[in-house]
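Peer 1: To start, I am sharing the structure in question, which I have written as structure tokens.
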Amino acid sequence: MSGTDVDEGAVGREGQTGFGTGFGTGFGDGGRTGVIVVGVDGSPDSDEALRWAVREAGARSALGAGGGGTGAHGGYGEHGGNGEHGGNGAGPVTVTVTALMSEAPGSCPDAVTADAALPGVRGVDAAAEHALVAAVRRARDPLSPVPVVERLVTESAQTALLAAAEHADLLVVGLHGQSRRHRFVLGSVSADCLHAATVPVVVARAGYRAHPGGPVVVGVDGSPESVEALRWAAGEARAHRAPLRVVHAWNPVPFAYPGVYTGIEPDTMEKAAEAVLDDVLQAALPGSALAGTDGPVVERLLMPGGPSAALLAAADGASLLVVGSRGRGGFAELLLGSTSHQCVHHAPCPVAVVRGR
Numbered sequence: 043m044s045g046t047d048v049d050e051g052a053v054g055r056e057g058q059t060g061f062g063t064g065f066g067t068g069f070g071d072g073g074r075t076g077v078i079v080v081g082v083d084g085s086p087d088s089d090e091a092l093r094w095a096v097r098e099a100g101a102r103s104a105l106g107a108g109g110g111g112t113g114a115h116g117g118y119g120e121h122g123g124n125g126e127h128g129g130n131g132a133g134p135v136t137v138t139v140t141a142l143m144s145e146a147p148g149s150c151p152d153a154v155t156a157d158a159a160l161p162g163v164r165g166v167d168a169a170a171e172h173a174l175v176a177a178v179r180r181a182r183d184p185l186s187p188v189p190v191v192e193r194l195v196t197e198s199a200q201t202a203l204l205a206a207a208e209h210a211d212l213l214v215v216g217l218h219g220q221s222r223r224h225r226f227v228l229g230s231v232s233a234d235c236l237h238a239a240t241v242p243v244v245v246a247r248a249g250y251r252a253h254p255g256g257p258v259v260v261g262v263d264g265s266p267e268s269v270e271a272l273r274w275a276a277g278e279a280r281a282h283r284a285p286l287r288v289v290h291a292w293n294p295v296p297f298a299y300p301g302v303y304t305g306i307e308p309d310t311m312e313k314a315a316e317a318v319l320d321d322v323l324q325a326a327l328p329g330s331a332l333a334g335t336d337g338p339v340v341e342r343l344l345m346p347g348g349p350s351a352a353l354l355a356a357a358d359g360a361s362l363l364v365v366g367s368r369g370r371g372g373f374a375e376l377l378l379g380s381t382s383h384q385c386v387h388h389a390p391c392p393v394a395v396v397r398g399r
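Now the structure itself:
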């Protein structure tokens, strides 16, 4: 799809041939640009997703402008450096938000379809353009101006968002949309994006109690996916100058940890769980970050019980909850199982799902 980056009030329109390279090169290409794609349909959850994305773009831009170095928004690399590949960025960073709305049958918001039938409205195109521009205006923060590109597409919302995400750093969606067809979780836009996106996906709901500066909470279980989630969460905490709360849930079950079986004393089980937490922290963060000298303040939290309850409790007062796309042990089958469902639907803050490399 060819498109034009436009200012508010002039909406870019897309065809049906796939997204080109106009969405930017991302933080990985020298660390100088970034793109956050947001699904927009005018619903309360969508509005919250767009507001979150605008704030996120502002925080990432400010981090780069302050000389914090970015790569993948200031996360920590495998070998102890900052950024996606362990390198340091320098100079200004521009992060753009792409607000994307679909007017395809089945994806077009109910309110747009209704407005298109009103006297004096020139069909779905005009109604969709009005709805998209209005949503962007509601989300803008005059104290933190962020470039926003408005795009109308004729593909389904899922297809368009996933294609756009291929050229972006982050995908943000609301939990529920306006279209009745996609209101349920199974088969919804948010669920399809969580399953298929190759970049981190943030799911937002309306009605959160905002906690500016609240900790970024991340669940870990020793899997490579949770290591990647921790690296990404550290970058988020750094960008927002927030504490990082690292959570590991454990249960005294057979073969929960190597060499540890049911019947072993609880103290032994807890020590094994502590070892898992230590190993993940060492794998994901450099020593200087753990010492608090080159990154966020790290809070370790070892919680007995199930993963859903542990994460939801730890997320109280948090600004963001981060989980890996799938894990083992305490967070097994995170994306497809009950844990992700509970987190996305009941967490008191937005939830980010991060895929392993």
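Residue numbers (my numbering): 43 to 399. Backbone N, C-alpha and C fix where the C-beta goes; we use that ideal spot for every residue, glycine too.
Identify the continuous beta strand (DSSP E) that holds residue 172 and give its terminal residues.
Peer 2: Where residue 172 is concerned, there is no enclosing beta strand (DSSP E), although the alpha helix (DSSP H) it sits in stretches over 165 to 181.
Peer 1: For residue 262, which residues does DSSP report across the bridge?
Peer 2: DSSP lists no partner for residue 262.
Peer 1: Buried or exposed: which applies to residue 82, given that a residue is buried once 16 or more other Cβ atoms fall within 10 Å of its Cβ?
Peer 2: The residue is buried, with at least 16 neighbouring Cβ atoms inside 10 Å.
Peer 1: With DSSP as the reference, label residue 290 as helix, strand or coil.
Peer 2: Residue 290: strand per DSSP, three-state reduction.
Peer 1: Rounded to the nearest angstrom, what separates residue 137 and residue 348 at their Cα positions?
Peer 2: Using only the alpha carbons, I get a separation of about 37 Å.
Peer 1: Which residue comes first and which comes last in the alpha helix (DSSP H) that contains residue 42?
Peer 2: Residue 42 lies beyond the residue range present for the chain, which begins at 43 and ends at 399; the question has no answer from this structure.
Peer 1: Hey, how far is the Cα of residue 316 from the Cα of residue 272?
Peer 2: Cα-Cα distance, rounded: 16 Å.
Peer 1: Could you check if residue 200 is buried or exposed, using at least 16 other CB atoms within 10 Å of its CB as the buried criterion?
Peer 2: Residue 200 should be labelled buried.
Peer 1: Spatial neighbours of residue 204 within its chain, please: C-beta separation below 7 Å, excluding the five flanking residues on both sides.
Peer 2: Result list for residue 204: 235, 238, 239, in chain order.
Peer 1: Please list, in chain order, all residues of the same chain as residue 173 whose beta carbon is under 6 Å from its beta carbon, the five residues on each side excluded.
Peer 2: Answer for residue 173: 84, 154, listed in chain order.
Peer 1: Rounded to whole angstroms, what's the CA-CA distance from residue 288 to residue 355? Just pull it up for me.
Peer 2: So the alpha carbons of these two residues sit roughly 13 Å apart.
Peer 1: Need the endpoints of the beta strand (DSSP E) that residue 344 sits in, please.
Peer 2: Note, residue 344: beta strand (DSSP E), 340 to 346.
Peer 1: Which residue from 269, 310, 191 puts its Cα closest to that of residue 398?
Peer 2: Selected option, being the one with the closest Cα: 269.
Peer 1: Rank 144, 345, 78 by C-alpha distance to the C-alpha of residue 195 and give the top, closest one.
Peer 2: Closest by alpha carbon: 144.
Peer 1: DSSP on residue 337, reduced to helix/strand/coil?
Peer 2: Coil, per DSSP.
Peer 1: In the DSSP assignment, find the unbroken beta strand (DSSP E) run with residue 364 in it and report its ends.
Peer 2: It spans 362 to 366 - the beta strand (DSSP E) in which residue 364 sits, taken as one unbroken run.
Peer 1: With respect to the alpha helix (DSSP H) encompassing residue 154, which residues constitute its N-terminal and C-terminal limits?
Peer 2: Residue 154 -> alpha helix (DSSP H) spans 152 to 158.
Peer 1: Just verifying my parser: in three-state terms, what is the DSSP assignment at residue 236?
Peer 2: Residue state, collapsed to three classes: helix.
Peer 1: Would you kindly work out how many angstroms separate the C-alpha atoms of residue 18 and residue 162, rounded to a whole number?
Peer 2: Residue 18 lies beyond the stretch modelled for the chain, which goes from 43 to 399, so this question has no answer here.
Peer 1: Kindly indicate the opening and closing residues of the alpha helix (DSSP H) around residue 146.
Peer 2: Taken as a continuous stretch (DSSP letters only), residue 146 belongs to no alpha helix (DSSP H), as it is neither H nor E.
Peer 1: Considering only the beta carbon of each residue, do residue 214 and residue 246 sit closer than 9 Å?
Peer 2: Against a cut-off of 9 Å, the Cβ pair of residue 246 and residue 214 comes out as a contact.
Peer 1: So what's residue 138 in DSSP terms, helix, strand or just coil?
Peer 2: Strand at residue 138.
Peer 1: Can you tell me which residues form a DSSP beta bridge with residue 195?
Peer 2: Per DSSP, 144.
Peer 1: If you follow the beta strand (DSSP E) that residue 212 is part of, which residue opens it and which one closes it?
Peer 2: Its beta strand (DSSP E) spans residues 212 to 216.
Peer 1: When you compare the CB positions of residue 277 and residue 91, do they come within less than 9 Å of one another, or not?
Peer 2: Not a contact, by the Cβ cut-off of 9 Å.
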